[in-house]
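Peer 1: Chains as they are written, first to last, in the working numbering: chain A, 2 to 220; chain B, 25 to 266. Backbone N, C-alpha and C define an ideal beta-carbon position, used for all residues, glycine too. If you scroll down you'll find the structure; I have some questions about it.
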């Protein structure tokens, strides 16, 4: 208990600050992943000439480990395209890249699974394709796919532990740093693991509750 | 972060991204690293499938306590980030065991890696197996009972042979994810592919071609593995296995 007070409670500021960085990285990455994933799905479905490009992008994102992507984005991209300029940006870019591949597949199956009649009846009312997508297709896809989309957020939060490897000061980074300073891994790493598990557990319970409600409403 | 050498797009750097000569000249050490990846994957997959199966039996058991333990196990390991669990198993678990057993316990990095990844993914395997078992119609169990088969016999002769076929595609998908996760074991100094790549980068000071080749290599392997799983799944479906 003495060690716990000395090592964990004294450094609670650092740990909670790290938790805040984790939340920021995950949130930015997820929003970016939604946009990229939706764009990739649209290109994959509707832009004929770029279809294989989008397909390659999606498969590359899905089939590369997040750790490898992090190193790649952080150490290769700046020299090739002059961006990202900070490890924080590299962290959320890599996380977004990975998730956008999965989300693109989710969006694609959602759009393809939509009943043809929805689109046809919109066209018969004279709605142009873009308006049909925005008003008719997209709202239904987002609603139907919301459990899968939100589960991807859990994956982002869990993968975000790895941004500590490229020196983004998230919770895991501070936990490992404090372990090296105090040489008391038991307390620090256990508290860190508990914080992560609690966070993910709360999120997944919320998602499950939402999914059950959806199922009750739409069957 | 060091400032980039160029402000915008740089053609020379792009050429380096597709320069595989560094990777080729270090092929021996890199291949031995890849072998470590496959070894860790193999043992972790065995552990994950084995303990996943046991936990799945707990979760479909009649006893409420056993179900509770199974649910707790699954929720715990599915909600734990792999990297956090990996460091916990490597740095904390040996110390805890040392205090409990009053003998000095030390885990080799490879052992920690297999334990951590195996346990982490056993939660996913348990859920996959459980959906397979639950997908067998109730009538099959009742029919088994009607011919006086015991619970264990029904499980072994009627449920499992059908359930295994149904869950095989999803179990293979879990295995592909597990292989993808083995790239993080380099962070506790298991000499796998990424560990060797990072070492070579520090020696050669050439991050562009080396990290890019590593990414492309992982992509090639994982793409082929998941394509293989998909092809097998299609084949089993056309044979009306599922």
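Determine the DSSP secondary structure at residue 184 of chain A, reduced to helix, strand or coil.
Peer 2: On the first chain, position 183 is the one that residue 184 of chain A refers to. DSSP places residue 184 of chain A in coil when its eight states are reduced to three.
Peer 1: Let me check understanding here. Comparing Cα to Cα, which of B/229, B/199, B/208 and B/190 lies closest to residue 259 of chain B?
Peer 2: Sequence index remark: in the second chain, residue 259 of chain B carries index 235 (1-based). Closest by alpha carbon: B/190.
Peer 1: Reducing DSSP to helix, strand and coil, say where residue 266 of chain B ends up.
Peer 2: By 1-based counting over the second chain, the position of residue 266 of chain B is 242. For residue 266 of chain B, the pLDDT reaches just 49, beneath the cut-off of 50, and the residue's location in the model is therefore unreliable, although a value from the coordinates is still provided. Coil.
Peer 1: With DSSP run on the structure shown, which of helix, strand or coil describes residue 7 of chain A?
Peer 2: As a working mapping, residue 7 of chain A is identified with position 6 in the first chain. In this structure, residue 7 of chain A counts as helix in the three-state DSSP scheme.
Peer 1: What are the residues in the stretch 103 to 122 of chain B lying within 8 angstroms of chain A by C-beta distance?
Peer 2: Per Cβ criterion, the list reads 103, 104, 105, 106, 107, 108, 109, 111, 112, 115, 116, 119 and 120.
Peer 1: Counting only the same chain and skipping the five closest in sequence on each side, list residues whose C-beta sits under 8 angstroms from that of residue 246 of chain B.
Peer 2: Taking the second chain and counting its residues from 1, one reaches residue 246 of chain B at position 222. Hits under 8 angstroms: 200, 203 and 204.
Peer 1: Who are the Cβ neighbours of residue 119 of chain A in its own chain at under 8 angstroms, not counting the five residues just before and after it?
Peer 2: Reading the first chain from its first residue, position 118 is the one you call residue 119 of chain A. Same-chain partners within the cutoff: 137, 138 and 141.
Peer 1: Please return the same chain residues whose Cβ sits closer than 7 angstroms to the Cβ of residue 230 of chain B, not counting the five positions on each side in sequence.
Peer 2: To locate residue 230 of chain B, count along the second chain from 1; it is residue 206. Excluding sequence neighbours, residue 230 of chain B sits near 46.
Peer 1: Considering only C-alpha positions, which residue in the set B/192, B/152 and B/74 is nearest to residue 261 of chain B?
Peer 2: Start at 1 with the first residue of the second chain, and residue 261 of chain B comes out as number 237. When each option's Cα is compared against that of residue 261 of chain B, the closest is B/192.
Peer 1: Helix or strand or just coil, what does DSSP make of residue 118 of chain B?
Peer 2: Mapped onto the second chain, residue 118 of chain B falls at position 94. Of the three classes helix, strand and coil, the one that applies to residue 118 of chain B here is helix, per DSSP.
Peer 1: Leaving out the 5 sequence neighbours to the left and right, which residues in its chain are closer than 8 angstroms to residue 196 of chain B when beta-carbon positions are compared?
Peer 2: Walking along the second chain from the start, residue 196 of chain B turns up at place 172. Closer than 8 angstroms at the Cβ level, and outside the excluded window around residue 196 of chain B, lie 253, 256 and 257.
Peer 1: Do you know offhand how far residue 45 of chain A's Cα is from residue 139 of chain B's?
Peer 2: Counted from its first residue, the first chain places residue 45 of chain A at position 44. Counted from its first residue, the second chain places residue 139 of chain B at position 115. The straight-line gap from Cα to Cα measures roughly 40 angstroms.
Peer 1: Are the C-beta atoms of residue 236 of chain B and some chain A residue less than 9 angstroms apart?
Peer 2: Working through the second chain from its first residue, we reach residue 236 of chain B at position 212. Cβ-Cβ to chain A under 9 angstroms: yes for residue 236 of chain B.
Peer 1: Can residue 199 of chain A and residue 190 of chain A be called in contact, C-beta distance under 9 angstroms?
Peer 2: Here residue 199 of chain A refers to the residue found at position 198 when the first chain is read from its first residue. Here residue 190 of chain A refers to the residue found at position 189 when the first chain is read from its first residue. Cβ distance not < 9 angstroms, so residue 199 of chain A and residue 190 of chain A don't count as in contact.
Peer 1: With 16 other CB atoms within 10 Å as the buried threshold, where does residue 182 of chain A fall?
Peer 2: Stepping through the first chain from its first residue, residue 182 of chain A is reached at position 181. Exposed.
Peer 1: Whose C-beta lies closer than 6 angstroms to the C-beta of residue 34 of chain A among residues of the same chain, with five residues either side of it excluded?
Peer 2: For the purposes of this step, residue 34 of chain A is taken as the residue at position 33 of the first chain. Excluding residues within five positions, the ones whose Cβ falls inside 6 angstroms are 97, 100, 101 and 104.
Peer 1: Report yes or no: is there a C-beta of chain A within less than 9 angstroms of the C-beta of residue 211 of chain B?
Peer 2: The residue you call residue 211 of chain B lines up with position 187 of the second chain. Yes, contact with chain A.
Peer 1: Quick check on the burial criterion: 16 or more other C-beta atoms within 10 angstroms. Buried or exposed for residue 109 of chain A?
Peer 2: Here the question's residue 109 of chain A lines up with position 108 in the first chain. So residue 109 of chain A counts as buried.
Peer 1: Check the Cβ of residue 209 of chain A against every Cβ in chain B and list those closer than 7 angstroms, keeping chain order.
Peer 2: As a working mapping, residue 209 of chain A is identified with position 208 in the first chain. In chain order: nothing, as chain B lies at least about 10 angstroms away.
Peer 1: Among residues of its own chain, excluding the 5 on either side of residue 97 of chain B, which ones have a beta-carbon nearer than 6 angstroms to its beta-carbon?
Peer 2: Position 73 of the second chain, counted from the first residue, corresponds to residue 97 of chain B. Answer for residue 97 of chain B: 79, listed in chain order.
Peer 1: Under the assumption that residue 64 of chain B contacts residue 209 of chain B (Cβ atoms under 8 angstroms), give the Cβ distance between them as a whole number of angstroms.
Peer 2: For the purposes of this step, residue 64 of chain B is identified with residue 40 of the second chain, where counting begins at 1. For the purposes of this step, residue 209 of chain B is identified with residue 185 of the second chain, where counting begins at 1. About 6 angstroms; that satisfies the 8 angstroms criterion.
Peer 1: Can you give me, in chain order, the residues of the stretch 49 to 77 of chain A that have a beta carbon less than 7 angstroms from any beta carbon in chain B?
Peer 2: From the stretch 49 to 77 of chain A, only 60, 61, 64, 65, 66, 68, 69, 70, 72, 73, 76 and 77 have a Cβ closer than 7 angstroms to chain B.
Peer 1: Taking Cβ to Cβ, would you say residue 146 of chain A is nearer than 9 angstroms to residue 208 of chain A?
Peer 2: Here residue 146 of chain A refers to the residue found at position 145 of the first chain. Here residue 208 of chain A refers to the residue found at position 207 of the first chain. Against a cut-off of 9 angstroms, the Cβ pair of residue 208 of chain A and residue 146 of chain A comes out as no contact.
Peer 1: Along the chain, where does the alpha helix (DSSP H) that runs through residue 98 of chain A open and close?
Peer 2: For this step, residue 98 of chain A is matched to residue 97 along the first chain. Where residue 98 of chain A is concerned, the enclosing alpha helix (DSSP H) stretches over 88 to 114.
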